[in-house]
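Working notes, structure below.
Residue numbers (this note's numbering), protein chains in the order written: chain P, -18 to 179; chain B, 80 to 316.
Have a look at this one:
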C-alpha cells in the first residue's frame, strides 16, 4: 500500500473497494473449501486475467509474490514430503493466489477508498464506543509510518558507520528510538493542527 | 485579527513567553529570534496548539483555550519538517485528508485537491507516494494540504529551514502571493523583505516590534551583544 497504487481507468480500478475485498474474501473461502489443484489452477488463471485487465504486467504480479520465495522454497518440499504433492500444490498455490489477489487490490485501489470502506464497516461499532474515523486514521498512520521508519533506520545506520561504530547495537537503536518518538510527537502535533481532534 | 492579551507560557518551571500583549492585523508578519527564544511557542499559541498558562489569545474573537476547533479552522499551520505532517501515502490523498473533516462530496473534494495541486505545481505528482518527493516538494505539499481548507491565517514555523536556496525561494514566493494573513517564523532574514511588521523575540519577550529593516538590524545587534538583550539558549521552544 505504501506507494503501490497504480492509477488507471480499468474496470478493476473502477470497481468499488468493497467489491474487490469481497472477491478476495470469497476466493479465500472457496479455495480453502475445495482444496483441489484444479481449483487453485483456475483461480491462478483468473488472477492473471485480472492483472491483464487492470493493464498490469506479469512483472507486477511477480513482484507481489516475490517476497514469499523463501516460504515457498521451504514449504513446498516439506508439504510434499509430509502430505503429498496435491496438498503441497494446494497449500502453496492457495497462498500465492491470495497474496497476488491482495496485491491486485492494493495496486488498483486508493488508500482513501479502503479507509472509507473500513470506516463504513466499523460504523455499527460506534454504539459500543469505537470511533471508526480514529481506527481508519490509525491504519493510515501505520501505512505512512513504514517509509518513515525505513528512512530513520537507514540514517541511523549511516551515522553509526560514519562514527566507526558498525558493530554497536546501541549506536543504532538509541537514535532510531529517539527519532521515532520525536517523529510521533511532531506527527501528533501536526494532526491536531490539521483539525483531526476537533 | 489576532489578539494576545498578557500572554505567558511556561513548560514546568521554565517560562518560555512572558507577558506578551499584541494585536496582529497586518497581512505579513515576521517573527525572528535565536533558538530557544520562544518563537515556536509564540507561533503555536496562534492556532491553539499551545494554550497559554496565563492570559488569552483571540483569533477573530475566538479564544484558543475554549474554541480550539474554531480557531484551527481559521488558522493553518505549517511546520519545519514536512515529513512529520504528511499523513497519507500519496500526494493527492494527503491533500484530500485535510478536507475529510469538512464532509464534502467526493467530487467537490477531488476538484479542490486538483485545483490546489495545480497551483503548487504538484499536479503531475498527484498519485505518487508522498515520501518519494524531494524536500522542497514535500514542503509544497504540506503548504497545499493546509491551504486547501482555505484558512484566513497561515502560521509557518521555519518552513524553509530544511530547504535548499532554490526551494526556499519557491516557498517564499508562494507565501508572498497568498491572499491570507501570514505569520512567518524564520531564521532566513531575507524572506522578510516586503513584510509589514517583524517581531524580535528574545528570552520569552517581544523585545522589538518594527519594520523588517529596523527589526533585522536590531536582531543583528542583539546577536552581536550590542542591544543588551539576553538571546536564547539554543533550546527547543
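For glycine and all other residues, C-beta sits at the position ideal for the given N, C-alpha and C.
Open item on the list: Less than 8 Å between CB atoms is the rule here; does residue 166 (chain B) satisfy it with respect to chain P?
Closed with: Output row for residue 166 (chain B): interface = yes.
Open item on the list: Taking 8 Å as the threshold (beta carbon to beta carbon), is residue -18 (chain P) in contact with chain B?
Closed with: Legend: pLDDT at residue -18 (chain P) = 48, less than 50; position of this residue unreliable, value from coordinates given subsequently. Yes, because at least one Cβ of chain B sits closer than 8 Å to the Cβ of residue -18 (chain P).
Task: Which of helix, strand or coil DSSP assigns to residue 81 (chain P) - done: Annotated three-state conformation of residue 81 (chain P) is helix, per DSSP.
Open item on the list: Applying the 10 Å Cβ sphere with the 16-neighbour rule, what's the burial state of residue 140 (chain B)?
Closed with: Exposed.
Open item on the list: Give me the subset of the stretch 73 to 101 of chain P whose CB atoms are less than 9 Å from a CB atom of chain B, sorted by chain position.
Closed with: Residues 91, 92, 93, 96 and 97.
Open item on the list: For a test of the three-state rule: what should DSSP assign to residue 178 (chain P), helix, strand or coil?
Closed with: Looking at residue 178 (chain P) - three-state DSSP - the assignment turns out to be coil, as it is neither helix nor strand.
Task: Residues near residue 24 (chain P) by beta carbon distance below 7 Å, same chain, minus five either side - done: Cβ within range, chain order: 8, 12 and 78.
Open item on the list: Do residue 86 (chain P) and residue 14 (chain P) count as a contact pair if the criterion is CB distance below 8 Å?
Closed with: Against a cut-off of 8 Å, the Cβ pair of residue 86 (chain P) and residue 14 (chain P) comes out as no contact.
- [ ] Give the straight-line distance between the Cα atoms of residue 186 (chain P) and residue 300 (chain B), rounded to the nearest whole angstrom.
- [x] Absent from the structure is residue 186 (chain P), since the part of chain P shown begins at -18 and ends at 179.
Task: Counted within 10 angstroms of its Cβ, other Cβ atoms place residue 238 (chain B) as buried (16 or more) or exposed - done: Buried, by the Cβ-count rule.
Open item on the list: Would residue 202 (chain B) and residue 211 (chain B) qualify as a contact pair, given that the criterion is a beta-carbon distance under 8 Å?
Closed with: Cβ atoms of residue 202 (chain B) and residue 211 (chain B): not closer than 8 Å.
Open item on the list: According to DSSP, is residue 134 (chain B) part of a helix, a strand, or is it coil?
Closed with: In the structure shown, residue 134 (chain B) falls within a strand segment according to DSSP collapsed to helix, strand and coil.
Open item on the list: I need the straight-line Cα distance from residue 17 (chain P) to residue 61 (chain P), nearest angstrom please.
Closed with: Straight-line Cα distance between these residues: approximately 15 Å.
Task: Backbone secondary structure at residue 204 (chain B) - three-state DSSP - done: Residue 204 (chain B) carries a helical assignment under DSSP once its states are collapsed to helix, strand and coil.
Task: Chain-order list of residues whose beta-carbon lies under 7 Å from that of residue 97 (chain B) (same chain, five-residue window excluded) - done: Apart from sequence neighbours up to five positions away, the residues of its chain that approach residue 97 (chain B) with a beta-carbon distance below 7 Å are 87, 283 and 284, ordered along the chain.
Open item on the list: Looking at residue 230 (chain P): is its Cβ nearer than 8 Å to the Cβ of residue 71 (chain P)?
Closed with: Not covered by the structure: residue 230 (chain P). The range shown for chain P is -18 to 179.
- [ ] Keeping to the same chain, check which residues put their C-beta closer than 8 Å to that of residue 314 (chain B); ignore five residues upstream and five downstream.
- [x] Summary for residue 314 (chain B): the model assigns pLDDT 44, below 50, so the residue's position carries little reliability, and this model does not support an answer.
TODO: Compute the Euclidean distance between the alpha carbons of residue 163 (chain B) and residue 143 (chain P), then round it to the nearest angstrom.
DONE: Each residue's alpha carbon lies about 26 Å from the other.
Task: Pair within 8 Å by beta-carbon distance, residue 168 (chain B) and residue 160 (chain P) - done: With contacts defined by Cβ atoms closer than 8 Å, residue 168 (chain B) and residue 160 (chain P) do not form a contacting pair.
Task: Per DSSP, the bridge partner or partners of residue 125 (chain B) - done: Under the DSSP definition of a beta bridge, residue 125 (chain B) lacks any partner.
- [ ] Would you mind reading off the limits of the beta strand (DSSP E) that contains residue 287 (chain B)?
- [x] That run of the beta strand (DSSP E) goes 284 to 289.
Task: For residue 236 (chain B), the first and last residue of its enclosing beta strand (DSSP E) - done: In the DSSP assignment, residue 236 (chain B) falls within the unbroken beta strand (DSSP E) covering 232 to 236.
Open item on the list: Residues in the same chain with beta-carbon distance under 6 Å from residue 95 (chain P), minus the five sequence neighbours each way, listed in chain order, please.
Closed with: Excluding five sequence positions before and after residue 95 (chain P), the CB atoms of its chain that fall closer than 6 Å to its own CB belong to -2, given in chain order.
Open item on the list: Relative to the C-alpha of residue 85 (chain B), which candidate in B:255, B:136 and B:112 has its C-alpha closest?
Closed with: Nearest option by C-alpha distance: B:136.
Open item on the list: Using 8 Å for Cβ pairs, my map puts residue 110 (chain B) next to residue 264 (chain B). What's the rounded Cβ distance?
Closed with: About 4 Å separates the two Cβ atoms, so the contact holds.
TODO: Check residue 227 (chain B) in the structure and name its three-state DSSP category.
DONE: The three-state reading of DSSP puts residue 227 (chain B) in coil, since its state is none of H, G, I, E or B.
Open item on the list: Classify residue 286 (chain B): buried if its beta carbon has 16 or more other beta carbons within 10 angstroms, exposed otherwise.
Closed with: Counting other Cβ atoms within 10 Å of its Cβ, residue 286 (chain B) reaches 16 or more and is therefore classed as buried.
- [ ] Please report how far the alpha carbon of residue 231 (chain B) lies from the alpha carbon of residue 105 (chain B), in whole angstroms.
- [x] If you take the alpha carbons of residue 231 (chain B) and residue 105 (chain B), they lie about 12 Å apart.
Open item on the list: Within 8 Å of any Cβ in chain B, is that where the Cβ of residue 128 (chain P) sits?
Closed with: Answer yes: the Cβ-Cβ gap between residue 128 (chain P) and chain B drops below 8 Å somewhere.
Open item on the list: Could you compute how far the alpha carbon of residue 138 (chain P) sits from the alpha carbon of residue 251 (chain B)?
Closed with: Rounded to the nearest whole angstrom, the C-alpha separation of residue 138 (chain P) and residue 251 (chain B) is 34 Å.
Open item on the list: Tell me the DSSP secondary structure of residue 269 (chain B) in three-state form.
Closed with: Residue state, collapsed to three classes: helix.
TODO: Kindly say whether residue 177 (chain B), judged by its beta-carbon, lies nearer than 8 Å to any beta-carbon of chain P.
DONE: With 8 Å as the cut-off, residue 177 (chain B) counts as an interface residue toward chain P.
Open item on the list: Against chain B, with Cβ distances strictly below 8 Å, would residue -14 (chain P) count as a contact?
Closed with: Closer than 8 Å to some Cβ of chain B, the Cβ of residue -14 (chain P) qualifies, so yes.
Open item on the list: With a threshold of 8 Å between beta carbons, is residue -5 (chain P) in contact with chain B?
Closed with: Residue-level contact check: residue -5 (chain P) does not touch chain B, since none of the beta carbons of chain B fall below 8 Å from its beta carbon.
Open item on the list: Run through the DSSP bridge pairs and tell me what residue 263 (chain B) is partnered with.
Closed with: Its beta-bridge partners are B:109 and B:235.
Task: Reduced DSSP category for residue 81 (chain B) - H, G, I as helix; E, B as strand; rest coil - done: In the three-state reduction of the DSSP assignment, residue 81 (chain B) falls in the strand class.
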